[in-house]
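**Student:** Pasting a structure below so you can have a look.
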Amino acid sequence: MSITLHVVSKRPCRLERGELRRVSQDRKMMLLAYHLCCPRCGFVNAVFNQHQGQLITESDDGEQVTFSAPIRCVYCNVTIRIAASVAELEEGPDVRNVRYR
Ligand SMILES: [Zn+2]
Numbered sequence: 182m183s184i185t186l187h188v189v190s191k192r193p194c195r196l197e198r199g200e201l202r203r204v205s206q207d208r209k210m211m212l213l214a215y216h217l218c219c220p221r222c223g224f225v226n227a228v229f230n231q232h233q234g235q236l237i238t239e240s241d242d243g244e245q246v247t248f249s250a251p252i253r254c255v256y257c258n259v260t261i262r263i264a265a266s267v268a269e270l271e272e273g274p275d276v277r278n279v280r281y282r
């Protein structure tokens with residue numbers, strides 16, 4: 182299942198499924214992380230740049246975000262691969278059938 186993600190500037194607690202938020206919000210500042218609201222369950226995960234092999238790259242306009250490594254939603258365990266702001270979801274055997282909200 183592939184889902185197009187959207188980069189938004191809402192507060193992390195207001196993110197909706199499939200939304201990404203840059204940290205810091207000022208694009209002139211260093212990219213520290215992205216908040217990703219899981220497209221599957223709605224939990225907001227923090228994905229840190231240059232941490233545990235993760236390298237996050239952005240297009241010049243900031244709309245296309247790529248994560249070098251797949252991430253795992255902390256809440257529902259789905260595996261999410263993100264390239265050019267398109268997420269591919271992989272539901273392994275240990276995925277949890279839950280909705281965060
Ligand atoms: Zn999830």
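So the sequence shown is numbered by the numbering used here: it starts at 182 and just counts up by one.
Glycine included, C-beta positions come from ideal geometry on N, C-alpha and C.
#1: State the Cα-Cα distance for the pair glutamine 235 and glutamate 197, rounded to the nearest angstrom.
#2: For the structure I just gave you, are there three or more beta carbon pairs, one from the segment 204-214 and one from the segment 263-275, closer than 8 Å?
#3: Considering only residues of the same chain and omitting the five flanking positions on each side of glycine 199, which have a CB-CB separation below 8 Å?
#4: Say yes only if the C-beta of cysteine 254 is nearer than 6 Å to one or more non-hydrogen atoms of ligand 1, and no if none qualify.
#5: Helix, strand or coil for cysteine 194 per DSSP?
#6: With DSSP as the reference, identify every bridge partner of glutamate 200, one or two as the case may be.
**Tutor:** In short, the structure shows the following:
#1: Answer to the nearest angstrom: the Cα atoms are 23 Å apart.
#2: Per the Cβ contact rule, the segment 204-214 is not in contact with the segment 263-275 (fewer than 3 Cβ pairs under 8 Å).
#3: Once the five neighbours on either side are set aside, the close Cβ partners of glycine 199 are Ile184, Thr185, Leu186, His187, Cys218, Pro220, Ala268.
#4: Flag set: Cβ of cysteine 254 near ligand 1.
#5: Cysteine 194 falls in the helix class under three-state DSSP.
#6: Residue pairing by DSSP places glutamate 200 opposite His187 in a beta bridge.
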